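Just so we're aligned, residue 79 is where the sequence shown starts under my numbering, counting upward by one. Even glycine gets a Cβ: it sits at the ideal position worked out from N, Cα and C. All of these numbers come straight from a predicted model, not from anything done at the bench. What follows is a set of notes on a single structure, which appears directly below.
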Amino acid sequence: MPRKPMMLINIKFTAAALALALALPSAAQVGQIEVSVTDKYRAKVAEAIKISGQPGLGDTTIQKLPISILVRPQVIGMEPVMEQIPPIKIIKTKLDRLPSRYLSLIVGNYGSVEAEAALGSVRSVSQMWSVKAAHRSTRGGFDPKIIVFDRATWANSTVDANYERIFNRGRLRFEAGGAWDQIPFYGQRHYPGINDQDTAAAAPGRNIQNYTFGARYQSTRYRRTQVFRSISVDGHRWIDQGGRQVESGARAQLESALPVQNLVLNLPLHFSINQLEGTQRIDTSQIAWAAQFSPSLADSIKGIRFRFGLNMIFTGGAGQITLPYFPPVVHVEVPLVRNVLYLYGGMEGKVDNGGMRARVESLPFLSEGATYQAIRSSSIYGGATGRWSRIIGYRFGGRFATWDNYPMVVRPDVDFGILDDSGRVGMDYVKVTSLEPTGELTFQFKEVWDLRLHGLMRYAIQDSTGGPVYHLPKYEFGAQARANFGEKVRLDAAAVLRGPRTTLNGLLQPYDLPAFIDVRLGAQYRYNSQLDAVVRIDNLLNQRAEWWMGYPVQGIRVNFGLLYKF
């Protein structure tokens with residue numbers, strides 16, 4: 079008898095999660111598995127820390143309403159991209175629908191509240207709609223002996239809606255949403271005569287509004303002679319602190335392909351543009367645009383998959399690098415022993431024009447006086463992946479990357495923040511070279527337990543000075559585990575260790591901030607098909623993630639909640 083899917087809304091308000099990117103890997107990071115079913119619903123691995131490429135049949139669900147988890151990484155890191163561990167083949171399974179309507183409420187210490195509600199269509203397989211609202215808030219666990227301000231509440235409220243229509247040969251989807259964030263800054267000491275303005279009544283912080291919209295059409299039945307594959311457009315309007323910064327942006331993507339004898343010529347085209355302005359912007363108004371066209375030939379011969387092509391990257395705008403950028407497109411996969419040993423390698427290039435909105439989401443302490451550039455990079459990667467048995471999977475590899483303009487976090491020129499922009503940090507765009515060896519082991523025993531171990535070392539230098547890249551962890555190691563006890567109880571655990579980060583002290587001399595570890599435990603009890611109970615403990619070791627003059631949200635956080643599906 080198939081196991082019922084369980085859903086855990088796993089929102090993290092820990093020192094690491096809100097300040098230094100200690101969030102667990104999301105589904106987009108660890109892989110997604112798609113299973114074709116007859117009723118045209120989408121089958122997706124629901125577990126947020128599900129082991130990449132190793133689906134358990136009991137964890138697959140029919141999901142019409144994606145659950146959005148908002149966690150802000152605080153360091154813009156250089157993330158490796160590796161191929162998935164070959165999955166265990168799914169032959170046939172029955173998949174239960176995840177309800178499109180639910181209510182949840184989770185509360186905990188430090189005044190933490192997480193509330194969420196959703197409504198959606200439950201009958202039609204050709205038309206689907208959903209509306210979801212959520213609110214999350216918590217207070218910082220600052221030591222009251224070293225702070226003198228009152229406001230220390232992190233809060234996020236969102237409303238999202240989508241409509242999807244399935245046709246005979248395609249799928250049309252519309253999305254719209256809004257988000258309202260309140261972000262306090264870290265616990266800064268009061269130094270008489272130096273930062274009186276910053277600490278007189280409240281922690282310096284920012285309130286942000288973000289409005290988004292998008293549309294996508296995707297062909298669902300491909301023929302060899304079909305050129306068009308998909309097209310999407312989306313945009314945003316981002317308002318920082320009531321207009322100190324305002325950004326409007328749009329992005330378009332067109333996916334198409336041409337048959338060339340026995341090969342396929344992929345023709346992806348991406349374009350994005352952002353206009354940044356505001357009352358506190360030094361440059362008053364700034365436009366940044368980026369375009370990427372990446373034609374490539376793809377095919378497979380006797381199990382050897384390959385893709386060869388050329389990236390054509392163009393960027394422009396005030397202060398932008400405008401010379402064209404032509405990194406090659408190369409990817410090769412060689413199955414030496416089927417499902418046991420695969421070798422892979424290649425070269426790639428990319429451009430990131432997510433806008434100032436993306437920079438602040440990654441680094442809420444970033445000054446509104448910071449400059450913005452579209453980021454250009456290229457890399458060479460390779461490694462080995464496969465399975466030693468049905469239980470054990472592995473992946474080992476590395477990536478050598480070069481950045482034309484890596485966004486490096488820097489300390490302001492004065493000791494306690496920019497004079498006109500209290501408490502904020504700066505950003506310099508520098509040429510960077512990095513080497514990142516990586517490894518991953520995964521273990522899965524039927525549907526009873528899963529374990530994932532992963533590690534990464536970073537060797538990164540600034541090309542101009544040969545010095546270190548500031549505020550980038552030198553290594554990262556982690557483990558995630560999950561165990562099921564019958565049909566009722568599931569336990570989750572995770573630990574992530576981030577290495578030391580080189581930065582500058584008050585005298586602008588380099589030194590290393592200490593490493594820290596985040597440990598989390600969670601349990602979910604399924605009372606029946608509609609009601610679940612959740613217990614979660616975050617930051618179990620009460621680690622403090624240092625950030626120059628203080629600490630972000632911290633403290634051991636215990637949360638209890640209920641999830642009702644109807």
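About 5 Å separates the beta carbons of tyrosine 472 and leucine 519, which is inside the 8 Å limit, making them a contact pair. Separation of alanine 557 and glycine 600 (C-alpha to C-alpha, rounded to the nearest whole angstrom) is 14 Å. Each residue's CA atom was taken as its position, placing arginine 385 and proline 413 some 15 Å apart. Beta-bridge analysis with DSSP links phenylalanine 474 to Ala462, Gly517. Only exposed fits arginine 247, as fewer than 16 other CB atoms lie within 10 angstroms of its CB.
For glycine 423, the three-state secondary structure derived from DSSP is strand.
Around the Cβ of tyrosine 507, a 10 Å sphere holds 16 or more other Cβ atoms; the residue is buried.
Around the CB of tyrosine 403, 16 or more other CB atoms lie within 10 Å, so the residue is classed as buried. Excluding five sequence positions before and after leucine 444, the CB atoms of its chain that fall closer than 7 Å to its own CB belong to Arg437, Val438, Arg502, Val503, Met505, given in chain order. Ranked by how close their Cα comes to the Cα of glutamate 426, the residues Arg477, Lys380, Ala452, Ser440 have Arg477 in first place. In this structure, DSSP gives serine 208 an extended state, which the three-state scheme calls strand. In the DSSP assignment, glycine 292 falls within the unbroken beta strand (DSSP E) covering 283-297.
Remark: C-beta atoms of phenylalanine 371 and leucine 336 do not approach each other more closely than 7 Å. Under the 10 Å beta carbon count, proline 485 is surrounded by 16 or more other beta carbons and is classified as buried. Contact between threonine 580 and proline 546 holds: CB atoms are separated by about 4 Å, below the 8 Å threshold. For alanine 559, the uninterrupted beta strand (DSSP E) segment begins and ends at 553-563. Secondary structure within the stretch 333-407: the beta strand (DSSP E) runs of 3 or more consecutive residues, fully enclosed, are 341-344, 347-355, 363-371, 374-379, 382-388, 390-395 (chain order). At a Cβ-Cβ threshold of 7 Å, threonine 393 and alanine 368 count as neighbours. Boundaries of the beta strand (DSSP E) harbouring glycine 639: 635-643, taken from the DSSP string. Non-local C-beta neighbours of alanine 211 in its own chain, meaning closer than 6 Å and more than five positions away in sequence, comprise Ala195, Val237, ordered along the chain.
In the structure shown, the three-state DSSP call for valine 324 is strand. Here isoleucine 382 has Val412 as same chain residues with Cβ atoms under 6 Å from its own Cβ, once five neighbours each way along the sequence are excluded. The stretch 564-571 and the stretch 536-545 do not touch, with fewer than three beta-carbon pairs separated by less than 8 Å. Counting along the chain, alanine 538 sits inside the beta strand (DSSP E) bounded by residues 537-540. Rounded to the nearest angstrom, the gap between the Cα atoms of glutamate 192 and arginine 604 is 19 Å.
By the CB criterion at 7 Å, serine 374 and valine 407 fall inside the cutoff.
For glutamine 319, the three-state secondary structure derived from DSSP is helix. Here DSSP, grouped into helix, strand and coil, assigns serine 440 to helix. When DSSP states are grouped into helix, strand and coil, glycine 577 belongs to the coil group. In the displayed model, arginine 307 falls within a strand according to three-state DSSP.
Assigned with DSSP and collapsed to three states, glycine 313 falls in strand. Straight-line spacing of the CA atoms in serine 310 and glycine 292 works out to 7 Å.
Collapsing the DSSP output to three states places glycine 447 in coil.
The three-state secondary structure of arginine 489, taken from DSSP, is coil. With contacts defined by Cβ atoms closer than 7 Å, leucine 641 and aspartate 610 form a contacting pair. Where valine 185 is concerned, the enclosing beta strand (DSSP E) starts and stops at 180-186.
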